[in-house]
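Worksheet: the structure to be examined is printed underneath.
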Amino acid sequence: MTIKLKLARVLSTAGLMMAATFASAEVVVIVNASSSISTASADEIQQVFLGKRNEIGGVSVTPVDQSEGNEARDTFYEKVVDKTPAQLNAYWSRLIFTGKGKPPKQYFDDAEVVETVLEEEDAIGYIDSSAVTEGIKVIYTAQ
Amino acid sequence: MVKKKTTLALLPITLCFSSLPVLAATTADLEKRLEQQEKQIKRLENRLKGTRAAVKENRSRISDAADRLQINGFMTAGAAVNDGDDVYEPFYGIDDDTRSSAISKAGVQMTFEITEDWDATVQLLSRGANGYDLQAEWAYLGWQATDNLALKFGRQRLPYYLLSEYLDVGYALPWIIPPLELYNIPATTTDGISGVYSFNVGSVNFAAQAYAGQSTGRTEQLEADFISSPSWGANLTADWNSFTFRVGYNRSTLRTDPDEGGVADSLVPAMQEAESTYGPAYGVADPGNLEISTENIRTDYISAGFMYDDGSLLVMGEIANLSAETFQPVGDAGYITVGYRFGKWMPHLTFSKFQTDSKADDRIRAIQEYADAVGKAMYSSAGVVGVPNPGLVATNGYFNSDYAGLGVTNGIITSSLCPTLDAVATGCELSVLGQRDALHDAVIGYSQTIYNSMEDQIQEQQSVTIGLVYDINPRVKAKLQATHYENFGANTYQYLNYGTEVTGVGALETFNGFTTVDGHSNGRFSGDPDAAGNHTAIYSFSIDAVF
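Same order as they appear, the protein sequences are chains Z and R.
The working numbering numbers the first residue of the first sequence as 309 and each following residue consecutively.
The working numbering numbers the first residue of the second sequence as 10 and each following residue consecutively.
Printed below as a string of structure tokens:
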């Protein structure tokens, strides 16, 4: 009995730890909980963050980016937008230096992105899934 | 061991007893003090809140100002060399000395958001190929009129081709030197107005752009500055997944301002004179389609391009046609580039080709034929009546007896006859000799020079480029490139053939008519590709950065 209990406890602890490990590598795309967007495709999110589209399902959105070098940023651009940091810089320099577009505003970290998404109804951001709080809706999970 | 335990156990009790009297004596006191301190803490907290709010407000004010002003820049530092000492690349200024000036450049761009919809942007560029002079490539007021429509008022890059607008941002291109066969338009900016209308159809993003303005530029091949006013154009770009497609049309009306003594400066008046004076004088019919002018020259550019970039594979290509209503070396150009990214490395390969098209060649042939006919008519008409052509050959060989014919046959020679035949080696003879030389020069001028200068405007060139790009970090790349240029095209040149003969008045030149010589044009190069073996190569390396 005691051994069984201990084993169960050990197992559940390991499970939690594993879940925590996965969670830290998982990036989710978020909007304000009051937004009427409930889900978005990777294509739509990619186009929004590359400045090619400013709405999802007819609801206008403003992308909220993270600082260069953030883990969530690298994961997001690699898995959702399919661009390395160098490719992303080449992409934006073509638009910036021709006056055709500018990259989304960058915020310091997950917490600042959450704060912005909570404050602004049309904001769309991405964060580590562990940083999801109340008032935030996840519309896409990067696999 | 037991003893130690006892001592430790007793210690708290001792402490308790010793502090009890103090506590009892000051409980009321302490409560009061605590209350005061709590108030103090609340006060401090409030003050902190105020400070925090102030800091936040301050920060947002600073970040607002910082957000409104965006500063970006790009630079290329490197060097290029041409391996042949007989040809020279005029567009970048690449010869057989390794020069950093050919490709090095730096640009800085400032954009200030005036309101949410209006912004002011200036991009200053300093190019080594332009003597590092600072020039504004962009300087405009931008207005986001609607969600889909963006307008720009002021100076902008000309959107002739797929990459024209960011051709100087080396970081955004695979090459160090773009394909010279296509990217050689000597005007980069226009002052005017443009609009971009963006819209989506399904997952395809379209951008339709139109502009109108005035441009200035310089053609090295004709050694002339030019103003194109008006210049206007439109293009459509479609983005779909990894694909980009683009078609464009541009029209401009040029007025040229040739350098004194330059190619255009000597050719245009010579040809205009041939048309107005010598052609009619020698009875050579004007074909009526020569259009030799320095003004109102219409040029049309049509281009189509595509790019495929899935992150690993890069394929891009363009074709374009340029036509101009003057003797410009214009025609068809195209290139295709394939690259593949292996992590931080990207090797790439480019094939590129250019040739003047039949429309431009026909125009040049017409001018050549006319100039040639005028020259030959002058040459033969200058002969003595009754002496077989070509006139000057006989005239010169028997100068003493037949000089008289020289003075009366055409408008160029206006000398009076020398009075007697024995006036050998007198001033009269020398004067006629001088006239003979003037006629000779005229013939060279109106036939040989024009013919050959025109022949140089019929061009062909192709190249193969291999290159390697390495991402040093997300904002800096290193590049290596080698391009082999060849196939400059076979051309035929014409020369007046003459020798020397000893006569009674001394050594005289004898003229043996026109001969043709096979050769090659220069392609897009200046110099003598025949001496270089009809090919050349350019090697370059660079470091490119953006911030």
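Backbone N, C-alpha and C fix where the C-beta goes; we use that ideal spot for every residue, glycine too.
| Item | Value |
| --- | --- |
| Segment limits, alpha helix (DSSP H) that includes residue 396 of chain Z | 393–404 |
| Interfacial residues, the segment 337–366 of chain R to chain Z, with Cβ spacing under 7 Å | none |
| Residues sharing a beta bridge with residue 333 of chain R, DSSP | R:308 |
| Extent of the continuous alpha helix (DSSP H) to which residue 100 of chain R belongs | Here residue 100 of chain R belongs to no alpha helix (DSSP H), and DSSP marks it neither H nor E. |
| Counterpart residues of residue 503 of chain R in DSSP-defined beta bridges | R:525 |
| Residue environment, residue 288 of chain R, which counts as buried when at least 16 other CB atoms sit within 10 Å | buried |
| CB contact check: residue 476 of chain R to chain Z, cutoff 8 Å | no |
| Boundaries (first-last residue) of the alpha helix (DSSP H) holding residue 380 of chain Z | 379–384 |
| For residue 206 of chain R, the first and last residue of its enclosing beta strand (DSSP E) | 198–210 |
| is_contact[residue 174 of chain R, chain Z] using C-beta, thresh 8 Å | yes |
| Cross-chain neighbours of residue 401 of chain Z in chain R, by beta carbon under 9 Å | 81, 83, 175, 178, 180, 181, 555 |
| Collapsed DSSP secondary structure at residue 244 of chain R in the structure displayed | strand |
| Inter-residue spacing [alpha-carbon to alpha-carbon] between residue 279 of chain R and residue 155 of chain R | 55 Å |
| Three CB pairs or more closer than 8 Å across the segment 417–426 of chain Z and the segment 360–375 of chain Z | yes |
| Residue 529 of chain R versus residue 313 of chain R: straight-line alpha-carbon distance, rounded | 30 Å |
| Residue-level contact to chain Z via CB, residue 249 of chain R, 8 Å cutoff | no |
| Through-space distance from residue 365 of chain Z to residue 494 of chain R, alpha-carbon basis | 52 Å |
| Whether residue 462 of chain R touches residue 385 of chain R by CB criterion (8 Å) | no |
| Residues near residue 543 of chain R in its chain [Cβ-Cβ closer than 8 Å; skip 5 each side] | 495, 496, 497, 529 |
| Enclosing beta strand (DSSP E) for residue 470 of chain R [first to last residue] | 469–482 |
| Residue 7 of chain R burial status per 10 Å Cβ neighbour count (16 or more: buried) | Residue 7 of chain R cannot be examined here, being either before or after the span of chain R that is shown, 10 to 556. |
| Residue 308 of chain R vs residue 340 of chain R beta-carbon contact at 8 Å | no |
| Identity of the residues DSSP links to residue 327 of chain R by a beta bridge | R:314, R:344 |
| Residue of R:89, R:334, R:504 minimising C-alpha distance to residue 105 of chain R | R:89 |
| Whole-angstrom distance between residue 353 of chain R and residue 239 of chain R, CA atom to CA atom | 45 Å |
| Under 7 Å from the C-beta of residue 387 of chain Z: neighbouring residues of chain R | Ordered by position in chain R, no residue passes the 7 Å Cβ test against residue 387 of chain Z, which lies about 12 Å from the chain. |
| Distance CB(residue 397 of chain Z)-CB(residue 166 of chain R) smaller than 8 Å | no |
| Cβ of residue 433 of chain Z within 8 Å of any chain R Cβ | no |
| Buried/exposed call for residue 506 of chain R, threshold 16 Cβ in 10 Å | exposed |
| Distance, residue 356 of chain R Cα to residue 183 of chain R Cα | 9 Å |
| Beta-carbon proximity of residue 201 of chain R to residue 226 of chain R, cut-off 8 Å | no |
| Three-way DSSP call (helix, strand, coil) for residue 290 of chain R in this model | helix |
| Residues from the segment 250–262 of chain R in contact with chain Z, defined by Cβ distance under 7 Å | none |
| The segment 330–337 of chain R in contact with the segment 292–302 of chain R per 3-pair CB rule at 8 Å | yes |
| For residue 162 of chain R: DSSP bridge partner residues | R:150, R:202 |
| C-beta contact flag for residue 176 of chain R and residue 327 of chain R at 8 Å | no |
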